[in-house]
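Enquirer:
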Amino acid sequence: MGIQPDNFTYATVLDTCANLATVGLGKQIHAQIIKHELQSDVYVVSTLLDMYSKTGNMQDSQLMFRKAQKRDFVTWNAMICGYAYHGFAEEALTVFEDMKMENVRPNHATFVAVLRACGHMGLVQEGW
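For the sequence shown, position 62 matches number 62 in UniProt numbering, and the numbering has no gaps at all.
1. Using DSSP with H/G/I as helix, E/B as strand and the rest coil, what is Gln28?
2. For Ala30, which residues in the same chain have their Cβ closer than 7 Å to its Cβ, ignoring the five residues on either side in sequence?
3. For Val45, which of Met99, Gly122, Asn7, Tyr85 has the nearest alpha-carbon?
4. Check whether the Cβ atoms of Tyr85 and Val95 lie closer than 8 Å to each other.
5. In the DSSP assignment, find the alpha helix (DSSP H) that holds His120 and state where it starts and stops.
6. Can you confirm whether the segment 98–117 touches the segment 50–69 when touching is taken to mean that 3 or more C-beta pairs between the two stretches lie within less than 8 Å?
7. Between the C-alpha atoms of Glu91 and Met121, what's the straight-line distance to the nearest angstrom?
8. Taking DSSP as the reference, what is the three-state secondary structure of Asp50?
9. Measure the alpha-carbon distance for Val74 versus Leu25 and round it to whole angstroms.
10. Assuming Tyr43 and Ala11 form a contact by the criterion Cβ under 8 Å, report the distance between their Cβ atoms to the nearest whole angstrom.
11. Taking Phe96 as part of the alpha helix (DSSP H), name the residues at either end of that continuous run.
12. Do you know offhand how far Ala21's Cα is from Lys27's?
Below, the structure is given as structure tokens:
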């Protein structure tokens, strides 16, 4: 039987997978999250988005984002940062606009990602 991992355990392991770029292991952990019915936890979803984004898998990141039942600023930031980091500036700015329309308050990390996206596109005026 043993001790079952909780949402914080999974998030910690996923963060490690993201930092080590071990997407295969991350996908295995994702399967365990689904098995234990933690895929709707906002903390887990945000960490999954971050893991998929950091490993360059924006398609799975986008899918997780669309399926997310609850999104906080961390969830939105993970998408914006992922797009900006991989040079998808237009997508990052679109997600930022959607975030504002959903009345989610951006934080400093949001603005750093948006500025990065503007820099990729040469949108000095938009960044200002």
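Cβ coordinates follow ideal geometry from the N, Cα and C atoms, glycine included. Values in this document were obtained by computation on a predicted structure and should not be read as measured data.
Expert: Short version:
1. Sequence index remark: in the sequence shown, residue 28 carries index 28 (1-based). DSSP places Gln28 in helix when its eight states are reduced to three.
2. Here the question's residue 30 lines up with position 30 in the sequence shown. The residue asked about is misnamed: residue 30 is His in this sequence, not Ala. Cβ within range, chain order: Leu48.
3. Position 45 of the sequence shown holds residue 45. Answer by Cα proximity: Asn7.
4. Locating residue 85 in the sequence shown gives position 85, counting from the first residue. Locating residue 95 in the sequence shown gives position 95, counting from the first residue. Against a cut-off of 8 Å, the Cβ pair of Val95 and Tyr85 comes out as no contact.
5. In the sequence shown, the residue the question calls residue 120 occupies position 120. Here the alpha helix (DSSP H) through His120 covers 108–121.
6. no
7. For the purposes of this step, residue 91 is taken as the residue at position 91 of the sequence shown. For the purposes of this step, residue 121 is taken as the residue at position 121 of the sequence shown. In a straight line, the C-alpha of Glu91 is about 11 Å away from that of Met121.
8. As a working mapping, residue 50 is identified with position 50 in the sequence shown. Here Asp50 sits in helix by DSSP.
9. As a working note, residue 74 is residue 74 in the sequence shown. As a working note, residue 25 is residue 25 in the sequence shown. Distance between the alpha carbons of Val74 and Leu25 is about 23 Å.
10. The count along the sequence shown starts at 1 and reaches residue 43 at position 43. The count along the sequence shown starts at 1 and reaches residue 11 at position 11. Rounded, the Cβ-Cβ distance is 5 Å, consistent with contact.
11. On the sequence shown, residue 96 is found 96 positions in, with the first residue counted as 1. Its alpha helix (DSSP H) spans residues 89–101.
12. Taking the first residue of the sequence shown as 1, we reach residue 21 at position 21. Taking the first residue of the sequence shown as 1, we reach residue 27 at position 27. Distance between the alpha carbons of Ala21 and Lys27: 11 Å.
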